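>
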Amino acid sequence: MSSPDGPAPGGWWERASLDARLAAALQANPRVSWRDLAKAVDSSESTVARRVRALTTSGALRTTVVVDSIRTGQGFPVTVYFAVTNKSLRTLADHLVARADVRMVAVLTGRYGLLAEFITPSTQDLATILLDTLTGVDATFETMSEPVLREFKSTVDWSHSLVADLPGVRLPLLDLAPAEEPAPLDAVEEVIAERLRVDGRMSFADLAQATGLSESAVRRRTDALIATGRVHPVTLVDAQLLGFGIQAFAWVDLEPAALADAVRALAARQEVRYVAATAGDSDLLVELTVPAQADLFRFRTEVLGTLPGVRGTRVSINIRTLKRAFLPLEAPGPAGE
Numbered sequence: 001m002s003s004p005d006g007p008a009p010g011g012w013w014e015r016a017s018l019d020a021r022l023a024a025a026l027q028a029n030p031r032v033s034w035r036d037l038a039k040a041v042d043s044s045e046s047t048v049a050r051r052v053r054a055l056t057t058s059g060a061l062r063t064t065v066v067v068d069s070i071r072t073g074q075g076f077p078v079t080v081y082f083a084v085t086n087k088s089l090r091t092l093a094d095h096l097v098a099r100a101d102v103r104m105v106a107v108l109t110g111r112y113g114l115l116a117e118f119i120t121p122s123t124q125d126l127a128t129i130l131l132d133t134l135t136g137v138d139a140t141f142e143t144m145s146e147p148v149l150r151e152f153k154s155t156v157d158w159s160h161s162l163v164a165d166l167p168g169v170r171l172p173l174l175d176l177a178p179a180e181e182p183a184p185l186d187a188v189e190e191v192i193a194e195r196l197r198v199d200g201r202m203s204f205a206d207l208a209q210a211t212g213l214s215e216s217a218v219r220r221r222t223d224a225l226i227a228t229g230r231v232h233p234v235t236l237v238d239a240q241l242l243g244f245g246i247q248a249f250a251w252v253d254l255e256p257a258a259l260a261d262a263v264r265a266l267a268a269r270q271e272v273r274y275v276a277a278t279a280g281d282s283d284l285l286v287e288l289t290v291p292a293q294a295d296l297f298r299f300r301t302e303v304l305g306t307l308p309g310v311r312g313t314r315v316s317i318n319i320r321t322l323k324r325a326f327l328p329l330e331a332p333g334p335a336g337e
C-alpha cells in the first residue's frame, strides 16, 4: 500500500505481518465475515479466526460500536483540556475515565496534559459539568473547552484509507448516509447497541436471543442502524501494530476565508484520522498518527506550515490513551480506532 499523501511506505500491505493486515482490514469493517476477511488477507478462515482471537485476548485489538450522539440526539461533542498538577493527574484521569458522558481520555505532552471528549446535551449541561461536577473532584487543575461545531473526517474514514489499495478482493466498506433529523434509539436498538459495544462481532443469532427477535429481524435492525450512521462499528487497535508509533493532536488557527480549503487539504491526508471545526482558542482540531517523530516534524512543517491562511499551530503528542469509544483502555492496550 502506498500513498503520496500519507506516511505508509510503498509496499506496506505486501510487507505487513498477517496480524497487521488483519487489524487494518478489521478497522475498515469490524463486522466483515470470516470468509471475506480470510480472502482479503490471503489466509485460511481457521487461521484468521485464531489470530483475531489471540489479538483480542492480548488487548491489541478489540471490536465495538459507538452510538453517534448527534444522529441519535444524545448530544454534541466538546473537547475539554486540563492543565493539572502531576500529583492530581491520576485522580482526575480516573474520574474522567469512569464518567459515562466521556467518550475519550488521553494524556498529552504540553501544558494541557489531559484531554477529555465529553458528550453533552447542551451548553447548559457543559456549564454544570465545569462549574459543579468537576469542582467536586479532589484534584488541582484548570480547564479550556472547545465545542465541536462540525466534524469533517472521522476515524472510520481514516481506517478505510488504510485498505484503499488492498490487492485483489475489496472489503465491503460502509457508506454512511447523510445526517438527517436526530432519531433516538428505541428499546430494541438500545439492547443491540449495548451488546455490540461489548463485542462488536457478536453474531446475529446471539443478538436475536438477547432481543427476542428473529435472526432475520435483528439482522435488518442492525444493518439499518449501521447504514444510517446511528451506530458506527469500530475496531480499537494498538497503532504500533500497524507501524504507527506516534499519535498526536494539532490545533490550527486560520483566517476564516481559508477554513474550507484547509479542511479539504487535511482530510485528504492519510495520516490525518480526524478533523473538526471547533469554537475556542483554535479553529480546527486535527488528530493524526505517523510512524515516527521525524514524520510528525515533517507534517508540522510541510503540511500545516504550508496551508494558506494559517495564523498559528500547536501540536501535542498523545502519550497514552486511557479511554476511547467510551471504553476504558489499559496501556499498552488498544491505542486507536
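When we follow the UniProt record's numbering, the leftmost residue of the sequence shown carries the number 1, and every step to the right adds one. Glycine is no exception: its CB is placed at the ideal position from the N, C-alpha and C atoms. Quick caveat, the model's predicted, so the values are computed rather than measured.
1) Could you tell me the distance, in whole angstroms, from the CA atom of residue 283 to the CA atom of residue 259?
2) Would you kindly report the start and end of the unbroken alpha helix (DSSP H) that includes residue 40?
3) Curious, which full-length beta strand (DSSP E) runs of at least 3 residues does the stretch 306-331 contain?
4) Could you check where the alpha helix (DSSP H) with residue 369 kicks off and where it finishes?
5) Taking a contact to mean a Cβ-Cβ separation below 8 Å, would you say residue 139 touches residue 84 in this structure?
6) Among 310, 273 and 228, which one has its Cα closest to the Cα of residue 262?
7) Along the chain, where does the beta strand (DSSP E) that runs through residue 118 open and close?
8) Give every residue of the same chain whose Cβ lies closer than 6 Å to the Cβ of residue 168, excluding the five residues on either side of it in the sequence, and list them in chain order.
9) At what residues does the beta strand (DSSP E) containing residue 80 begin and finish?
10) Where does residue 145 sit, in a helix, a strand or coil, going by DSSP?
11) Between the stretch 63-73 and the stretch 190-206, do at least 3 Cβ pairs fall closer than 8 Å?
12) State the CB to CB distance for the pair residue 218 and residue 211, rounded to an integer number of angstroms; the pair is presumed to be in contact (CB under 8 Å).
13) Closest to residue 112 by C-alpha separation, out of 33, 327, 145 and 13, would be which residue?
14) With DSSP as the reference, label residue 264 as helix, strand or coil.
15) If you run the structure through DSSP and keep just helix, strand and coil, what is residue 242?
16) Less than 8 Å separating the beta-carbons of residue 82 and residue 126?
17) Quick check on residue 258: does DSSP put it in helix, strand or coil?
18) Could you check which residue in 107, 67, 90 and 72 has the C-alpha nearest to that of residue 80?
19) Please determine, among 197, 191 and 224, the residue with the shortest C-alpha to C-alpha distance to residue 208.
20) For residue 86, does the count of other Cβ atoms within 10 angstroms reach 16, so buried, or fall short, so exposed?
21) Apply the 10 Å Cβ neighbour rule to residue 335 and answer buried if 16 or more other Cβ atoms are within range, or exposed otherwise.
22) Nearest-angstrom Cα distance between residue 225 and residue 186?
23) Who are residue 153's beta bridge partners in DSSP?
24) Counting along the chain, where does the beta strand (DSSP E) carrying residue 235 start and finish?
25) Counting C-beta neighbours from all protein chains within 10 Å, is the total for residue 181 16 or more, i.e. buried, or is it exposed?
26) So what does DSSP say about residue 177, is it helix, strand or coil?
27) Going by other Cβ atoms of all chains shown within 10 Å of its Cβ, with 16 needed for buried, is residue 271 buried or exposed?
According to the structure data:
1) The residue labelled residue 283 in the question sits at position 283 within the sequence shown. The residue labelled residue 259 in the question sits at position 259 within the sequence shown. Put simply, the backbone Cα of residue 283 is about 8 Å away from that of residue 259.
2) Within the sequence shown, numbered from 1, the residue matching residue 40 stands at position 40. Segment 34-41, the alpha helix (DSSP H) holding residue 40.
3) Listed in chain order, the complete beta strand (DSSP E) runs (minimum 3 residues) inside the stretch 306-331 are 310-324.
4) Residue 369 falls outside the range modelled here, since the chain spans only 1 to 337, and no answer is possible.
5) Walking along the sequence shown from the start, residue 139 turns up at place 139. Walking along the sequence shown from the start, residue 84 turns up at place 84. Yes.
6) By 1-based counting over the sequence shown, the position of residue 262 is 262. Shortest Cα-Cα distance from residue 262 to any of 310, 273 and 228 involves 310.
7) What you label residue 118 is simply residue 118 of the sequence shown in a count that begins at 1. Start and end: 114-120.
8) Locating residue 168 in the sequence shown gives position 168, where the first residue counts as 1. Caution is warranted here: a pLDDT of 49 is assigned to residue 168, below 50, making its placement in the model unreliable, and the coordinate value is therefore given only provisionally. None.
9) By one-based count along the sequence shown, residue 80 stands at place 80. Residues 76-84.
10) As a position in the sequence shown, residue 145 is number 145, starting the count at 1. If DSSP states are grouped into helix, strand and coil, residue 145 belongs with the strands.
11) Yes, the stretch 63-73 touches the stretch 190-206.
12) Indexing the sequence shown from 1 puts residue 218 at position 218. Indexing the sequence shown from 1 puts residue 211 at position 211. Between residue 211 and residue 218 the Cβ distance is about 6 Å, and since that is below 8 Å, they are a contact.
13) Taking the sequence shown and counting its residues from 1, one reaches residue 112 at position 112. Each of 33, 327, 145 and 13 was checked against the Cα of residue 112, and the nearest Cα belongs to 145.
14) Against the sequence shown, residue 264 aligns to sequence position 264. In the structure shown, residue 264 adopts helical secondary structure according to DSSP, grouped into three states.
15) The residue given as residue 242 occupies position 242 in the sequence shown. DSSP places residue 242 in helix when its eight states are reduced to three.
16) The residue labelled residue 82 in the question sits at position 82 within the sequence shown. The residue labelled residue 126 in the question sits at position 126 within the sequence shown. Cβ distance not < 8 Å, so residue 82 and residue 126 don't count as in contact.
17) Counting from one through the sequence shown, the residue named residue 258 turns up at place 258. Reduced to three states, the DSSP call for residue 258 is helix.
18) Taking the sequence shown and counting its residues from 1, one reaches residue 80 at position 80. Of the listed residues, the one whose Cα sits closest to residue 80 is 107.
19) Sequence index remark: in the sequence shown, residue 208 carries index 208 (1-based). Here the closest residue by C-alpha is 191.
20) One-based indexing of the sequence shown puts residue 86 at position 86. Exposed is the call here.
21) For the purposes of this step, residue 335 is taken as the residue at position 335 of the sequence shown. Any answer about residue 335 is weak, because its pLDDT of 44 lies below 50 and its placement is not dependable; what the coordinates show is given next. Burial is judged here by how many other beta carbons sit within 10 angstroms of a residue's own beta carbon; residue 335 has at least 16 and is buried.
22) Here the question's residue 225 lines up with position 225 in the sequence shown. Here the question's residue 186 lines up with position 186 in the sequence shown. When rounded, the separation of the alpha-carbon atoms in residue 225 and residue 186 is 11 Å.
23) As a working mapping, residue 153 is identified with position 153 in the sequence shown. Paired residues: 275.
24) Indexing the sequence shown from 1 puts residue 235 at position 235. Segment 231-237, the beta strand (DSSP E) holding residue 235.
25) Numbered from its first residue, the sequence shown carries residue 181 at position 181. Answer is exposed; the Cβ neighbour count stays below 16.
26) Here residue 177 refers to the residue found at position 177 of the sequence shown. Confidence at residue 177 is low in this model, with a pLDDT of 47, below 50, so its placement is unreliable and the value that follows should be read with caution. Reduced to three states, the DSSP call for residue 177 is coil.
27) Counted from its first residue, the sequence shown places residue 271 at position 271. By the neighbour-count rule (16 or more Cβ atoms within 10 Å), residue 271 is buried.
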